[in-house]
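In my numbering, the protein residues as written are 171 to 1067.
Note that beta-carbon positions come from the ideal geometry of N, C-alpha and C, so glycine has one too.
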RNA sequence: GGGCGCUUAGCGCAGCUGGUUUAGAGCAUCUGCCCUACAAGCAGAGGGUCGGCGGUUCGAAUCCGUCAGCGCCCACCA
């Protein structure tokens, strides 16, 4: 006896092991059409969260669907070394052991990092198996494994040779926590309530006063008073009237004593603040630009960890500035404001809202910092990556992200790819040791740098920097098939371009755009044909899931509670592409319930005794079978169409409704044999075939339960699986008989409406379900004998002609046909009249709407003929129904009298 | 400051190349049922003048304009 409830845990393990053991996920190039997905590699030390569940479920659905369609499906898994995040974790662990990173050599540190990677790496890939992901595990890759590393270094050298990579001293986003440069994309801006400090810069020239106020100082407004140590000028707009008196003068940096010139530039916005802008070229991007323009020197006042460094500030000016040495930038801000206030050099302090950039990884405010870094010239890449997306060679779902993409590419800036980290691909640039000692890094001549895949002979020093993680990620679809090192090899030629990329819109610039660039640069082809952008998983209150809020459920726990299939359905149900999904456990519950439903359908069908003789099935069964066959045809087409549009939630919902409503509630009830009776063999085998087709439809979404039931539906050979294509191609061989389909679909639609009408009477009159009612209608209203048979069975009625209408009747109309159920005992005439009158009012209102159109000459003239025709039909139908209703009302009223 | 998107039943959504019986499913809600597949279920019901206003049209949830609210992306106003 099969359990009344579906127990997923054991079944999931059983089939996943089976799939692995039979090598069913493994792909090798062959004659079939390839279908490839490369996984967005999760952080090697990461753990599965709800975002992954959404993402990986979608990919698995696409891969399994392709596999069922007979394509050679290959889903390549792997992990990302996540240089900054992983390095941070390793440093943290070392610290707990009492070891400072600075005490280690690069080699020692890397040993620890690899140990950590071995220890925690790949946990997430194991977790994906619990979800049912059908990755080709034999192909598991890592962004720092040999093949991928080689590709990265080769690409770096190649781009350097092409002049697309250069080294330069630039203002970059500096993360003081991790002490590394970041790319622009790694900076996240937050609105902040901060302060605007108005500082007094005394005039160096004696006797010069502000003609308007008589003050002997200029007022400069800043949000960052701690940077005054680096002030090198004050800039005014030459057109600003009120600051004319400052032209050509000099001011004294408050508390510092440095005398700096007033310079003039149109960059300063007239009317904003005081019109006086302090210029600190070492610590602000705009100031740096001004510094370049006017050839100002730079004074870097911060150490790499953003503490004050007074060694660079001329000590002879104000010996007391030494007290700020070593102070944290924010502590210093407080202190300097206090000190300046004491000196009477603060005019006022205002509240001010501005934006502050934070490091994406460490969540520490970014410090703009002048430093020597490696960059990629991006204009070339923007030029090759924009057209294919704009003209839909690569299709984005949803398409709105094309705009975002375009906007970014049209305003592209060079990509800072070097990081002051050890965990990652070391930059393959070498400096002659002797020369380097002479010149220092900054002044080392560019033409003496050797960029090479292998270390040059002689006494050379390798660049200390590592590459941005995304510099390896952008090669992923190519490097996974070794397409950088061995272009045109049999694998890359077969699997590339990949079919679909599934990822979040948050990494459209980090990753998607750059993969398109690298793809075209290194293969001449797109890396993928379609990009499916998922939404962000939020909790049901719309908050982003996060550890600190504690609103992120553990997917493994959910799988234990609802089953992997249940969780997959739950996460997918409300996840249309690009929309955020508001996750709630109840969604998984619905998934679990659906599994249970399928399970019980199976129990029912498998529990039937099959008629031994070849007795003909009941005519009702024959109708049921041809109806459901037609419905299944139609649904399969619909689902195919939805897949083509990447509307996976809708596809699943369509199958869900087919299974619960049409199959369980209608079809099975139609053919269900009476208690203790066998089912006809023909009907039974047709039903098993339907079951199989539905399991196949559903398999991409719910792989485990469908495999389990498919295996039990018939005797299967060892190694067979539902996940493989149906080699016999039953469905296509059978062909579609659309003509016959329409008529039986219509017949059953009517049947269902009549059954519902009767059930409605049963329910609304509180008639016990077992009571058999009499259903009266005009001749022909009950359809063919087959339909009548089903009507009797499903509605629990006996059929009678018009003549059967006796006494008070409950009535309903289907189409234009009236059906009556004589119900003297149960009828409340007044109530019935009210109901009929309400219906009449509704129909008359409807008719008025129709007539308004039809009596409008311009409608009849301008509208398409078929539209007019339809309105005429509406008119006739409504008139017929109104006539029927009026008759019934009159009859009831006369009875009442 | 630019750009994009959203606003349809209690909730999250579909419909939007204008016309398909005066707006659709799912979940939730309400009513009645433990009828030997399933109470993680069955049957039935209620619920929206499609954000406001204006326009185009014979006809608008669907096209245009405008206002309001929400969200996302980009941007060097200190």
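Same chain, Cβ closer than 8 Å to residue i, neighbours up to 5 away in sequence not counted
i, result
"residue 625", "600 and 632"
"residue 523", "361, 362, 363 and 364"
"residue 229", "207, 209, 245, 303, 670 and 672"
"residue 558", "564, 686, 690 and 696"
"residue 659", "651, 652 and 653"
"residue 759", "732, 736 and 740"
Residue from the options with nearest C-alpha to residue i
i, options, result
"residue 643", "1025, 251, 1059 and 1032", "251"
"residue 454", "655, 474, 399 and 538", "538"
"residue 693", "707, 713 and 654", "654"
"residue 240", "896, 1006, 1024 and 1026", "896"
"residue 869", "889, 821 and 835", "821"
"residue 710", "433, 732 and 750", "750"
"residue 997", "194, 986 and 1066", "1066"
"residue 398", "448, 414 and 1029", "448"
"residue 846", "713, 777 and 936", "777"
"residue 1006", "1052, 839 and 964", "1052"
"residue 926", "1062, 913, 965 and 443", "965"
"residue 912", "843, 839, 930 and 798", "798"
Beta-carbon proximity list for residue i, same chain, < 6 Å, skipping 5 on both sides
i, result
"residue 641", "587"
"residue 203", "241"
Contact under 7 Å by Cβ, residue i with residue j
i, j, result
"residue 396", "residue 506", "yes"
"residue 372", "residue 359", "no"
"residue 593", "residue 256", "yes"
"residue 185", "residue 874", "yes"
"residue 188", "residue 236", "no"
"residue 224", "residue 704", "yes"
"residue 515", "residue 424", "yes"
"residue 215", "residue 348", "no"
"residue 761", "residue 720", "no"
"residue 419", "residue 375", "yes"
"residue 707", "residue 221", "yes"
"residue 734", "residue 301", "yes"
"residue 401", "residue 430", "yes"
"residue 780", "residue 860", "no"
"residue 438", "residue 406", "yes"
"residue 153", "residue 986", "Past the edges of the chain, shown from 171 to 1067, lies residue 153, and the structure says nothing about it."
Straight-line gap, residue i to residue j (C-alpha atoms, nearest Å)
i, j, result
"residue 918", "residue 312", "56 Å"
"residue 757", "residue 579", "38 Å"
"residue 879", "residue 764", "14 Å"
"residue 327", "residue 617", "14 Å"
"residue 297", "residue 724", "11 Å"
"residue 263", "residue 282", "10 Å"
"residue 823", "residue 792", "28 Å"
"residue 278", "residue 330", "30 Å"
"residue 1023", "residue 1059", "28 Å"
"residue 591", "residue 350", "7 Å"
"residue 174", "residue 773", "8 Å"
"residue 688", "residue 551", "8 Å"
"residue 508", "residue 628", "56 Å"
"residue 164", "residue 1046", "Nothing about residue 164 can be reported from this structure: the residues present for the chain run from 171 to 1067 only."
"residue 248", "residue 934", "59 Å"
"residue 467", "residue 233", "59 Å"
Cβ neighbours of residue i in the same chain (closer than 7 Å, five flanking residues each side left out)
i, result
"residue 1016", "1048"
"residue 818", "228, 231 and 742"
"residue 865", "876, 879, 880 and 892"
"residue 146", "No answer is possible for residue 146: the residues shown for the chain start at 171 and end at 1067."
"residue 645", "321, 322, 325, 654 and 688"
"residue 319", "595"
"residue 1055", "1006, 1009, 1010 and 1013"
beta-carbon residue i near the ligand SAM non-hydrogen atom, thresh 6 Å
i, result
"residue 959", "No copy of the ligand SAM occurs in the structure displayed, which carries no ligand at all."
Sequence ranges, alpha helix (DSSP H) only - wholly within the stretch 303–344, length at least 4: Entirely contained in the stretch 303–344, the alpha helix (DSSP H) runs reaching 4 residues are, in chain order, 316–331.
Within the stretch 417–485, ranges of the beta strand (DSSP E) (whole runs, at least 3 residues): Those beta strand (DSSP E) runs which fall completely within the stretch 417–485 and span 3+ residues are 420–422, 429–434 and 446–449.
Where in the stretch 173–234 do unbroken runs of the beta strand (DSSP E), each at least 3 residues long, occur, reported from the N-terminal end onward? DSSP runs (the beta strand (DSSP E)) wholly in the stretch 173–234: 204–208.
Which ranges would you report for the beta strand (DSSP E) in the stretch 359–429 if only whole runs of at least 3 residues count? Qualifying beta strand (DSSP E) stretches, in chain order: 387–392, 403–406 and 420–422.
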